[in-house]
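Notes follow the structure.
2 protein chains.
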Amino acid sequence: MALVNRKFVLASRPQGPAGPENFRLIEEPVRSPGEGEVLVRNRFLSLDPYMRGRMNAGKSYAPPQPVGEVMIGGTVGEVIAARRDGFEVGDLVVGMGGWQEYSLSDGKALRKIPQPGIAIEAWLGPVGMPGVTAWYGITRIIAPKPGETVVVSAATGAVGTVAGQLAKLAGARVIGIAGGPAKCRYAVEELGYDACIDHRAADFAARLADAADKGIDGVFENVGGEPLNRCMGMLNTFARIAICGLVASGYDGSPTPLSNVGPVLVSRATMQGFIVSDHMNIWPQALEELARHVAASRIRWRETIAEGIEAAPAAFFEMLKGGNFGKQLVRLT
Amino acid sequence: MALVNRKFVLASRPQGPAGPENFRLIEEPVRSPGEGEVLVRNRFLSLDPYMRGRMNAGKSYAPPQPVGEVMIGGTVGEVIAARRDGFEVGDLVVGMGGWQEYSLSDGKALRKIPQPGIAIEAWLGPVGMPGVTAWYGITRIIAPKPGETVVVSAATGAVGTVAGQLAKLAGARVIGIAGGPAKCRYAVEELGYDACIDHRAADFAARLADAADKGIDGVFENVGGEPLNRCMGMLNTFARIAICGLVASGYDGSPTPLSNVGPVLVSRATMQGFIVSDHMNIWPQALEELARHVAASRIRWRETIAEGIEAAPAAFFEMLKGGNFGKQLVRLT
Chain D
172 MALVNRKFVL ASRPQGPAGP ENFRLIEEPV RSPGEGEVLV RNRFLSLDPY MRGRMNAGKS
232 YAPPQPVGEV MIGGTVGEVI AARRDGFEVG DLVVGMGGWQ EYSLSDGKAL RKIPQPGIAI
292 EAWLGPVGMP GVTAWYGITR IIAPKPGETV VVSAATGAVG TVAGQLAKLA GARVIGIAGG
352 PAKCRYAVEE LGYDACIDHR AADFAARLAD AADKGIDGVF ENVGGEPLNR CMGMLNTFAR
412 IAICGLVASG YDGSPTPLSN VGPVLVSRAT MQGFIVSDHM NIWPQALEEL ARHVAASRIR
472 WRETIAEGIE AAPAAFFEML KGGNFGKQLV RLT
Chain X
172 MALVNRKFVL ASRPQGPAGP ENFRLIEEPV RSPGEGEVLV RNRFLSLDPY MRGRMNAGKS
232 YAPPQPVGEV MIGGTVGEVI AARRDGFEVG DLVVGMGGWQ EYSLSDGKAL RKIPQPGIAI
292 EAWLGPVGMP GVTAWYGITR IIAPKPGETV VVSAATGAVG TVAGQLAKLA GARVIGIAGG
352 PAKCRYAVEE LGYDACIDHR AADFAARLAD AADKGIDGVF ENVGGEPLNR CMGMLNTFAR
412 IAICGLVASG YDGSPTPLSN VGPVLVSRAT MQGFIVSDHM NIWPQALEEL ARHVAASRIR
472 WRETIAEGIE AAPAAFFEML KGGNFGKQLV RLT
């Protein structure tokens, strides 16, 4: 087995804005599995905003990514050698293989893909961590009632795409917020949002107020910043705000101010931050429901695929700026 | 019955800061109760921060106080004439009698004071709306576990006093925030707070960080502003922030900014605004528990009493500035 693995390690923690110089590409021979080990050829790597937080040393919701080790990341791949019961060559698995082409592990964190009929990379998107994140925020925090108005920021991102469609399936009126007319058009025409407002538009605030003319009952927040401030000013009584991400400003260590917390009191609203890895118990139910929705095309999605491991850093930073469209993946092998 | 009632009506809505000129004192003869009516001589009027919000025309959690009508307010008093089954002369009752010496009503909103052995005015404080507010925020939102750290702002106010002692009874470490050394000393020595920090002290932030050296699990917030911002920076995982009031800045229509909403995500915290009148179903249980605690001196409290209805406006604005110590009352008759 003269295979060579290429992997990105975190070379240094960002001082100021993060960039490709914080990563280093390493080549090394692939070791054969020992007793109890499984070797996976990773087909797709998922790039996600949480990774930016892990690059920092400071307090976040997870331990920092160690410097010098392979970057954390979700992967789908194929078992190519196995010395562990329960795995066979050819098994398709999803796991945290990291930013690398091959991963060797004890297999405990690998899940065999349970269901045919769904594109393999969907298990990193709508039927993976982003989908379960959306499912938790919508079903367990916002819990929209039919006719309520739910706003979803980053509306066409990997998480927002699923959040918006789950809110629609619950009978809510769903307003997306996205960057640029193409994403907004896609949200309405393909994903079924009732409206989608371009946060770059000069008249963003007026258009959001117009679309949410009955007020806002739920906010699925991925971004923070001015759009969230605007939503806060339109909350209905007992509104629920699920804080899933604050990509706009948080990762470089800068604070994410809220211009007015008053509506939390006036509207008796609930604002709840959540991380789906705190709620492992809901994954089986969430994945089962999401897989059914995706297989039946009730949840649609799209992806941006970067080609080859060497493309990962640039694709990652482009995604953080909103340059991707849908789920950001890297095709590895 | 040649009784004369003196009452304050809202004369005008505040333009800019509110002041005594927004109220007008009116004298009028007391009408005898008609069939089905109850006449109460009010002994004590409760002054509470929520009244400031009612003076505004804008959206708040309740309809505005109508201009020209008697100001809303909780009262305890004595039935002096009754033409309604269930009430007799001499009954002590608690209700929303308003800023006036006598109130005539159909009695439906009057509750007979169920328990002797507690000072009558306690039914406006620890065994009244402020107490139930504290009970809801502590037991239903923060739900402190033994050993957790809970911060209570306006720690010696009518609500904070009870919130802090309920948190102590739940086994939490309780840190108060109050204005001035006398209130802080009282909080620790009389109410049993583990620490109380003077928000006017130059080294407030350092002292709060020192007192909360294990981080903060619960915040019972009455005030907002810089102390809340400081608490946000010290949240532990799964912290709960009960927003009961934002007296610091909210009532004149100015926003209450939060310097960083990021900790809600990082700590997966929940921030919940609440108004106790949304939760009438919990009042019987809360009052029963509070009455037991007060009767047994497990909940202690103190009051500032202004003498006579004519003193109400000045006492009200003094309270909004934090000039009172404990529950602010007006002795009416």
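Chains D and X, in that order, give the protein sequences. Going by our numbering, the first sequence opens with residue 172, and the numbers climb by one from there. Going by our numbering, the second sequence opens with residue 172, and the numbers climb by one from there. Every residue gets a Cβ at the ideal spot worked out from N, C-alpha and C, and that includes glycine.
### Query
How would you list, in chain order, the residues of chain D whose beta-carbon sits under 9 Å from the beta-carbon of X:Q443?
What you label residue 443 of chain X is simply residue 272 of the second sequence in a count that begins at 1. Residues of chain D passing the Cβ test: V435, R439, A440, T441, M442 and Q443.
### Task
Could you check the C-alpha separation between D:D369 and D:P398 for me, to the nearest Å?
Position 198 of the first sequence holds residue 369 of chain D. Position 227 of the first sequence holds residue 398 of chain D. If you take the alpha carbons of D:D369 and D:P398, they lie about 10 Å apart.
### Run of the alpha helix (DSSP H) containing D:Q456, from where it starts to where it stops
The sequence position of residue 456 of chain D within the first sequence is 285, counting from 1. Residues W454 to A466.
### Query
Nearest-angstrom Cα distance between D:S168 and X:G433?
Look at the range of chain D in this structure, 172 to 504, and you will see that residue 168 of chain D is not part of it.
### Query
Closer than 8 Å, CB to CB, is X:T320 near chain D or not?
Numbered from 1 along the second sequence, position 149 holds the residue referred to as residue 320 of chain X. No, X:T320 does not count as interfacial toward chain D.
### Message
Cutting at 6 Å between CB atoms, please list the residues of its own chain near D:R511, excluding the five before and the five after it.
### Response
With chain D covering only 172 through 504, there is no way to say anything about residue 511 of chain D.
### Query
To which residues does DSSP link D:I197 through a beta bridge?
In the first sequence, counting from the first residue as 1, residue 197 of chain D sits at position 26. Beta-bridge pairing links D:I197 to D:K178.
### Query
Which residue from D:R214, D:E259 and D:A228 puts its Cα closest to that of D:M267?
Locating residue 267 of chain D in the first sequence gives position 96, counting from the first residue. Measuring from the Cα of D:M267, the nearest candidate turns out to be D:R214.
### Query
Do you know offhand how far X:P280's Cα is from D:T320's?
For this step, residue 280 of chain X is matched to residue 109 along the second sequence. For this step, residue 320 of chain D is matched to residue 149 along the first sequence. The sequence shown places Ala at residue 280 of chain X, rather than the Pro named in the question. Their backbone Cα atoms lie some 35 Å apart in a straight line.
#### Entry: CB contact check: X:T327 to chain D, cutoff 8 Å
Translated into positions along the second sequence, residue 327 of chain X becomes position 156. Nearest CB-CB separation between X:T327 and chain D: not below the 8 Å threshold.
### Task
Kindly say whether D:S324, judged by its beta-carbon, lies nearer than 8 Å to any beta-carbon of chain X.
Residue numbering aside, residue 324 of chain D sits at position 153 when the first sequence is read from its first letter. So no, D:S324 is outside the interface.
### Task
For D:A233, I'd like the list of residues in its chain whose CB is within less than 7 Å of its CB, leaving aside the five on either flank, ordered along the chain.
In the first sequence, the residue the question calls residue 233 of chain D occupies position 62. Only R225 meet the Cβ criterion.
### Task
Please state if the CB of X:R411 and the CB of D:D449 are separated by a distance shorter than 8 Å.
If you number the first sequence from 1, residue 449 of chain D lands on position 278. If you number the second sequence from 1, residue 411 of chain X lands on position 240. Cβ distance not < 8 Å, so D:D449 and X:R411 don't count as in contact.
### Task
For X:Q456, count neighbouring C-beta atoms within 10 Å of its own C-beta (all shown protein chains included) and say buried if the count is 16 or more, exposed if not.
Here residue 456 of chain X is taken as the residue at index 285 of the second sequence, counted from 1. Answer is exposed; the Cβ neighbour count stays below 16.
### Task
Could you pull out every unbroken beta strand (DSSP E) segment of at least 3 residues lying fully inside the stretch 264-318 of chain D, listed in chain order?
273-276
### Task
For D:P200, I'd like the list of residues in its chain whose CB is within less than 8 Å of its CB, leaving aside the five on either flank, ordered along the chain.
Mapped onto the first sequence, residue 200 of chain D falls at position 29. Correct list, in chain order: A173, L174, V175 and N176.
### CA nearest to the CA of X:M442, picked from X:E481, X:E292, X:L461 and X:L406
As a position in the second sequence, residue 442 of chain X is number 271, starting the count at 1. Measuring from the Cα of X:M442, the nearest candidate turns out to be X:L406.
### Query
Along the chain, where does the alpha helix (DSSP H) that runs through X:D381 open and close?
In the second sequence, residue 381 of chain X corresponds to position 210, counting from 1. Looking at the DSSP string, the run of the alpha helix (DSSP H) that includes X:D381 is F375 to A382.
### Message
Run through the DSSP bridge pairs and tell me what X:D369 is partnered with.
### Response
To locate residue 369 of chain X, count along the second sequence from 1; it is residue 198. Under DSSP, X:D369 shares a beta bridge with X:A349.
### Message
Any contact between the stretch 385-397 of chain X and the stretch 375-393 of chain D? By contact I mean 3 or more CB pairs, one from each, below 8 Å.
### Response
no
### Task
Examine chain X for any beta-carbon lying closer than 8 Å to the beta-carbon of D:P352, and answer yes or no.
In the first sequence, residue 352 of chain D corresponds to position 181, counting from 1. Not one chain X Cβ lies under 8 Å of D:P352.
### Query
Can you tell me the Cα-Cα spacing of D:V330 and X:Y307, whole angstroms?
Along the first sequence, one-based indexing puts residue 330 of chain D at 159. Along the second sequence, one-based indexing puts residue 307 of chain X at 136. Those two C-alpha atoms are separated by around 34 Å.
### Query
Mind listing which residues of the stretch 367-396 of chain X have their C-beta closer than 8 Å to chain D's C-betas, in chain order?
Within the stretch 367-396 of chain X, contact with chain D at the beta-carbon level (separation under 8 Å) is assigned to G395.
### Message
Less than 7 Å between C-beta atoms, sequence neighbours within five positions excluded: which residues of the same chain meet that for X:V345?
### Response
Counted from its first residue, the second sequence places residue 345 of chain X at position 174. Around X:V345: V321, V323, G335, A338, K339, Y364 and D365.
### Query
What span of residues does the alpha helix (DSSP H) with X:N400 cover, start to end?
Position 229 of the second sequence, counted from the start, is the residue given in the question as residue 400 of chain X. Looking at the DSSP string, the run of the alpha helix (DSSP H) that includes X:N400 is E397 to M403.
### Message
I'd like to know whether the C-beta of D:T304 is nearer than 8 Å to at least one C-beta of chain X.
### Response
Here the question's residue 304 of chain D lines up with position 133 in the first sequence. Answer no: the Cβ-Cβ gap between D:T304 and chain X never drops below 8 Å.
### Task
Pull up the CB-CB distance for X:M242 and X:L196, whole angstroms please, since I reckon it's below 8 Å.
As a working note, residue 242 of chain X is residue 71 in the second sequence. As a working note, residue 196 of chain X is residue 25 in the second sequence. Their Cβ separation, rounded to whole angstroms, is 11 Å, which puts X:M242 and X:L196 out of contact at 8 Å.
### Task
Evaluate X:D219 with the Cβ neighbour count: other Cβ atoms within 10 Å of its Cβ, from every protein chain shown; 16 or more gives buried, anything less gives exposed.
Here the question's residue 219 of chain X lines up with position 48 in the second sequence. Label assigned to X:D219: buried.
### Task
Give me whichever residues DSSP pairs with D:R411 in a beta bridge.
Mapped onto the first sequence, residue 411 of chain D falls at position 240. DSSP, once it has assigned bridges, lists D:G389 and D:T441 as partnering D:R411.
### Query
So the beta strand (DSSP E) X:E240 belongs to, where does it begin and stop?
The count along the second sequence starts at 1 and reaches residue 240 of chain X at position 69. No beta strand (DSSP E) contains X:E240, which DSSP labels as neither H nor E.
#### Entry: C-alpha distance - X:K354 paired with X:A253, whole-angstrom precision
Working through the second sequence from its first residue, we reach residue 354 of chain X at position 183. Working through the second sequence from its first residue, we reach residue 253 of chain X at position 82. Rounded to the nearest angstrom, the two C-alpha atoms are 43 Å apart.
### Query
Since X:F194 and X:P484 are thought to touch, with beta carbons under 8 Å apart, how far apart are those beta carbons, to the nearest angstrom?
Walking along the second sequence from the start, residue 194 of chain X turns up at place 23. Walking along the second sequence from the start, residue 484 of chain X turns up at place 313. So it is a contact: roughly 5 Å between Cβ atoms.
#### Entry: Cβ separation of D:G302 and D:V260, assumed to be a contact under 8 Å, to the nearest whole Å
The residue labelled residue 302 of chain D in the question sits at position 131 within the first sequence. The residue labelled residue 260 of chain D in the question sits at position 89 within the first sequence. Going by Cβ atoms, the distance from D:G302 to D:V260 rounds to 28 Å, so no, they are not a contact pair.
#### Entry: Alpha carbon of X:A305 to alpha carbon of X:T246, nearest angstrom
For the purposes of this step, residue 305 of chain X is taken as residue 134 along the second sequence, with counting starting at 1. For the purposes of this step, residue 246 of chain X is taken as residue 75 along the second sequence, with counting starting at 1. The alpha-carbon separation between X:A305 and X:T246 amounts to approximately 19 Å.
### Task
Measure the C-alpha to C-alpha separation of D:G190 and D:E481 and round it to an integer number of angstroms.
In the first sequence, counting from the first residue as 1, residue 190 of chain D sits at position 19. In the first sequence, counting from the first residue as 1, residue 481 of chain D sits at position 310. Distance between the alpha carbons of D:G190 and D:E481: 14 Å.
### Query
What residue does the alpha helix (DSSP H) around D:V330 start on, and which one ends it?
The residue you call residue 330 of chain D lines up with position 159 of the first sequence. A329 to L340 is the extent of the alpha helix (DSSP H) around D:V330.
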